[in-house]
Every structure is written in C-alpha cells, then in structure tokens.
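The structure appears below as structure tokens.
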Amino acid sequence: MRISTGKILHAIGLTAIVVFSLFPFLWMVAASFKSQADILASPPVWFFTPTLDNYAEIFSDTKVSGAIINSLIVAAFATLLSVVLGTPAAFALARYDFRGKSDLWFWFISNRMTSPIVLALPIYLLAMSMNLLDTHLVLILVYLTFNIPIVVWIVTDQFKSIPPDLEQAARLDGADQFTIFRKIYLPLGAPGIAVSAIFSFIFSWNELLYALVLTRRAAQTAPVVATSFMSGYELPWGKIMATGTVIVLPVTIFALIVSRHMVRGLTMGATK
Amino acid sequence: MTFLRLDNIKKNYGDVSVIKGVSFSAAKGEFVVFVGPSGCGKSTLLRMIAGLEDVSEGELYIDGRDVTYEEPAKREVSMVFQSYALYPHMSVFENMAFGLRMAKKPEAEIKAQVAEAARILQLEPLLDRKPRALSGGQRQRVAIGRSIVRHPKLFLFDEPLSNLDAELRSQMRVEIAKLHRSLGATMVYVTHDQIEAMTLADRIVVLRAGLVEQIGSPTELYDTPANTFVAGFIGSPKMNFITAKVSATGPSSLVLDGAAFVGGKLVVETPAAGKAKVGDTLTVGLRPEHLTVEPAQPVLALTLDFAESLGGSTQLYARGEGEPIIVLTAGRPALQPGDALKLGIDPRHIYLFDAAGLAL
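From first to last, the protein sequence lines stand for chains C and G.
Take 1 as the starting number for the first sequence in full-length UniProt numbering and just add one per residue.
Take 1 as the starting number for the second sequence in full-length UniProt numbering and just add one per residue.
Here you go:
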C-alpha cells in the first residue's frame, strides 16, 4: 500500500495539533496526582508515585464541593433557559420574514462583540442595586446574555437546513406552528440544539470573570474556588490542578453524551 | 359538476407577476395536468390551490366553497411533493399517521386507515422503517400513502416522478393512473414531462409565462393545438415548423410559397382558407410521425443529415433550404446521410398558424 506524502504531512499536522491541545490537559491531570515536591521538580518528573492526597484534600474541603454544586446549578439553569428561550427565537428567524429581522439578528451577534470586562462594572452596580450579588440568579442571568446568542446562531442555521417542504407538508397535514416547531423542528434540529447546549454549558461552567466579580461566598463557582487557593504566600499546585480536573471532568462527560446527536445525520432521507 | 374552480387567479411577487390571470375549472373525479416549461408558474399555481402560496388576486373554490384565503389544512387537500417531504425522524407508519393524529382521530381508526393505504400501495412490510432506509420508489409510495390516508377532496401532485429513474417513473405513472381510477378522486398534477401529461390526464392545462395557452383533452391538444407553442410542446419528437408565404387563396385552399416544398409551392386544403390573405406569412406545422418517406406525392425535398435507429422505428434528421426537419418513421429505411429524401404527408395532418403563432 502506498501512502502519499500529503497524507503523511496531514497526519503530522494533526498530531502536532492534538499534542499541543492535549498537553496542558495531561499536565493538569498528572500534576493533580503528584505531590508538591514532584510538581516543582526540575527537570520535570515523568514517572512518579501517584497520590490521591490532593483529591482527598479538596473533597474534604466543603468550599470545593459547595462550589461544584453552585457551578452545576448555574450552568444547568443557564443552559436550560438559553435553549428554551433561544430555540423558538431561532425558529422565527429561520422561517419567518418580519420587519427588523436583520436588525434583531445583528443585535444577537453584537451581544458577543463586547468584551465582557467592559460590562463587568455596570453589571456589578446593577446587581448590587437589585440586591442580587452573590446569588445563583445573577450569574444565570448574565450567562443567558452570552448563551442565548450562541443558541440562536447555531440553531437558526440548523433550522434553515431543514427542507421547507417538510413544514409545508405538515401544514397541509393540519399541524399548527407550535406543533411544527415541536414535532418537526425540535427533533430534526436536535444536533444543532445539542451543540449549542454544549457551548452554553461549557461557557457557563468555565466562566471566571463575572463569577469572580459577582459572588463572594454563597454562590461561588468552581473556577473561582480554584483560583482562591492562590494566596500571596503559597501556590498549592496539587490542589489547584485537582480542582481543575474535577471542573473539567463533568463537561467532558457531558460532551461525550451529546456528541452522539452531533454525528447522527438526522435529516438524511427527508428529501429526494 | 364543477369541483375545483380557479377564477382569474393572479400571483405577484412585488412588481413581478408570476401568474397573470388563470381561470379554469375541473369536474369531480377529473385528472387535470398542468404542463409547461420550467418557470411557467405551474408549481406556483398548484401551491396556491394547496394554500401554501397566497393568492394575490382572484378566487379559488373547492367543492363549492370559497377557499381563497382558507388555511391549507382546512381546504381538505393533500399534496405529494417533488422532494417527497417525508418526516425523516418518523417511521413510515408515523409519516402516514401524522395527518390523522393532527386531526385527533381515534387510534383504532388511524391504524385502520394507514393499514388500508399500506395495502393499496404495498407498503405493509415497510411500516416500521425510517425514510432513509427506503429506495426512491418506496419513498414515493409513502408520500402518496400519506396523501391518501386522510381521504382529501383534492389530490395535488407537484412533479412527483421527476426524481425517479426512467423505468421506475413509467411504473409509478401507471400506478398513479390506477390509483386515480380506484379512488375516483379529483387530482391535479404538475409536470414538465408531456408524456406524463398525455398519458395521465383527462384534461391538460398548458401554461406558459403565467398564462394558460390551451386547455383540452390530450387528443384535442394533439389534434387541434391552439398555437405554435402548444403544437411544439405536445408531441414527441417536436412538431416541425416551416415558414411560408401565401401566394394565392381559394375558397377552401391556399397556395403557399416556400423553398423547402417540392417545386417551391404547397397547396393546402383548409376550411380556414378565408382567414389568410395573399402575402401573409404563415407557419406550416408537420408532425414527425405524420411524415412519410418516399411517398407517391412528395411534399418536401430534402437531404438526409443523419438517422437514429430506435430499433422498431427510425428518427431521420433532414435539412433543406429552410428549417431542419425531423421525421419519425417505422422500420429502417435504406438511406445514407447525404441521400436525397422525399417526404409526403396526408393533407389532413398539415397544421397552419398565422404570423402571431395562432392556429388558422
């Protein structure tokens, strides 16, 4: 069998990208099982006796488990609400013509053009005056402003790819708009909805800036807690890395579960 | 009895007029075919009957009821789409049951109706499959099945066979004709394929650029086309057209001058002779299948360009002084390209059109 040079270069390129993106991840996971001495060893040690001390320490710390629960609550609700609110908006944008449609579309995009830090102070002041500081609600609301545009863009695109004939066939079959949305667009748009849900969840789960600014103690999320281990006098890398691993794990599992929907070509066989 | 009536229906998209006033009616149980070249508005017209496109002007009646502005679902019509438009995430059963479920029919009735449709269309072994696991012909059957379960008043077909290969197409054509006979339902069928139109239709509506060119039974359109467009569109191969000048008129005959004719002249007996004057330019229409090779009284003297044998018949391409001429003849005439070709025709089969293209 002959393998072309192009294919070899392609494989080398891909390997480089995979190594480049996975190495920090590997470093984090490895460090979470190392003792502080192994972590700080120079040159780095590749073979070490794994220890669960870091994990034992963070799981005994109620601050960490509480923060993970906070993160779960905030990310789950922010994702759920953005999908529930974003998909009907996407349906309207994909299938109806109405006045101001392009302006509305641009407004959704422009939401993501602002650098988050620009809005940090105004939002802090707003939250303070509404007595929402250090609550789950304020984070969910802030994350919605970031997540809904993601959901709207991805799902609008997905809905546009559904052949309009299906909707018309359903109309002739006597389905009303809501039924068409629920019985045709939602199941057929599932891959796009799943992708947008993953993005929303990952964003809400990983978000640090607003979580840091808007929470103190009660609603502190996991990324905030991970950084809180850094104090002026010590850098407990093992704990930070273990927390990091715990933060990354649920998102990875979540992505693996929904990836099934992404690859399944649901619209196959619809037409022609 | 008029079952479907279109009264001066128009469709505009902004300033662009797509349907420019179509009136026509169909009786109950009639099979009507809209035929025309692409862009003639036939699909738009069908979709207006379905209610999927708004009517800009005019009125539309189904079974005596004004449905011009009625919701599609309330018109009691069903449509088979060119793309089939099957719901890809539902089984064949659910695809067919969808409309009945929307109508909130009891489960037992849904089962019975779908089973009946599946039996008629031989879909019984496929009821659990998803559309993607079906062949083109099977998908087509499901699409038809979905339209018959609801017992609509009117069946609409939008080029349903254009995605099938030739063999399956003629097979499905026969099945649709049988279905029409067994259901006795009123059907409106859109196609650009004149063979489908000729074989399926009780009546054909020939459309061009948003206007009706002619309405009639397939044989009427073939025998007495209203103009050169219909004459050229109906029939395969296409009708030959020769331009000629009227050089003399009689009470029931015309003498036409044309370089292609034997002796430069052609005498045509026609009851419409009075409508032409000396000096008028006419178009003479000759159907390829009406022309005879090496006749006793030749009308055209041409040179053979090339011949295509179709097995049982032969298609001859000839040229003379004017327009190229196609002849469809039985058997295999012993002719070589470049040979002289004399053609004759039964005078009754000569069509005449005036300068505007209208039948004389």
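Glycine is no exception: its CB is placed at the ideal position from the N, C-alpha and C atoms.
None of these values were measured; they are calculated from a predicted model.
- In chain order, S83, A85 make up the part of chain G whose C-beta sits under 8 angstroms from the C-beta of P163/C.
- For the region 174 to 205 of chain C, the set of positions with a beta-carbon nearer than 9 angstroms to some beta-carbon of chain G reads G174, A175, D176, T179, K183, I184, P187, L188, A190 in chain order.
- Listed along chain C are R171, L172, each with a C-beta nearer than 7 angstroms to that of P72/G.
- Across the region 38 to 65 of chain G, CB contacts with chain C closer than 7 angstroms involve A50, L52, in sequence order along the chain.
- Counting only residues of its own chain and dropping the five nearest sequence neighbours on each side, T219/G has no CB closer than 7 angstroms to any other CB.
- Residue environment analysis places F353/G among the buried positions, since at least 16 neighbouring C-beta atoms fall within 10 angstroms of its C-beta.
- Rounded to whole angstroms, the separation of the alpha carbons of V149/G and V92/G is 12 angstroms.
- For A356/G, the three-state secondary structure derived from DSSP is coil.
- T114/C sits in coil when the DSSP states are folded into three classes, being neither helix nor strand.
- For chain C, the residues of the region 99 to 111 of chain G that bring a beta carbon within less than 9 angstroms of one of its beta carbons are G99, L100, R101, M102, A103, in chain order.
- Residue pairing for M79/G: DSSP places it in a beta bridge opposite L156/G.
- Below the 8 angstroms Cβ cutoff, chain C contributes no neighbours of S135/G, its closest Cβ being approximately 11 angstroms away.
- For S231/C, no alpha helix (DSSP H) run applies, since DSSP gives it neither H nor E.
- Less than 7 angstroms separates the beta-carbon of F241/G from that of T283/G.
- In this structure the region 39 to 47 of chain G touches the region 149 to 159 of chain G; the number of beta carbon pairs closer than 8 angstroms is three or more.
- Judged by pairs of C-beta atoms under 8 angstroms, the region 304 to 313 of chain G does not touch the region 259 to 274 of chain G, as fewer than three such pairs exist.
- Remark: C-beta atoms of F108/C and P164/C do not approach each other more closely than 7 angstroms.
- Under DSSP, K277/G forms no beta bridge with any residue.
- For Y84/G, there is no enclosing beta strand (DSSP E), as DSSP marks it with neither H nor E.
- Within the DSSP bridge table, the entry for M187/G names F31/G, F155/G as partners.
- Counting the other Cβ atoms within 10 Å of the Cβ of S23/G gives fewer than 16, which makes it exposed.
- Three or more Cβ pairs closer than 8 angstroms define a contact, and the region 338 to 347 of chain G meets that threshold against the region 287 to 300 of chain G.
- Chain G places a beta carbon closer than 7 angstroms to that of Q168/C, counting this residue as a contact.
- If you draw a straight line from the Cα of T243/G to the Cα of V212/G, it is about 25 angstroms long.
- Interface annotation, M79/G: in contact with chain C, CB-CB separation under 7 angstroms.
- In this structure, L127/G and Q113/G do not form a Cβ contact; the two beta carbons are roughly 13 angstroms apart against a cut-off of 8 angstroms.
- Per DSSP, F306/G is one residue of the beta strand (DSSP E) stretching across 300 to 309.
- DSSP places S247/G within a strand segment (E or B) once states are collapsed to three.
- Assignment of A26/G by DSSP, reduced to helix, strand and coil, places it in the strand class.
- Listed in chain order, the non-local C-beta contacts of T281/G below 7 angstroms within the same chain comprise T243, K245, A355, local neighbours out to five positions each way being set aside.
- With fewer than three CB-CB distances shorter than 8 angstroms, the region 242 to 254 of chain C does not count as touching the region 80 to 93 of chain C.
- Within the region 192 to 233 of chain G, the complete beta strand (DSSP E) runs of at least 3 residues fall at 203 to 208, 211 to 216.
- In the DSSP assignment, L100/G falls within the alpha helix (DSSP H) that extends over 92 to 102.
- Taking all protein chains shown into account, S147/G has 16 or more neighbouring C-beta atoms within 10 Å of its C-beta and is therefore buried.
- For K10/G, the secondary structure class from DSSP, reduced to helix, strand or coil, is strand.
- Using a Cβ distance threshold of 7 angstroms, K34/C and F47/C do not count as a contacting pair.
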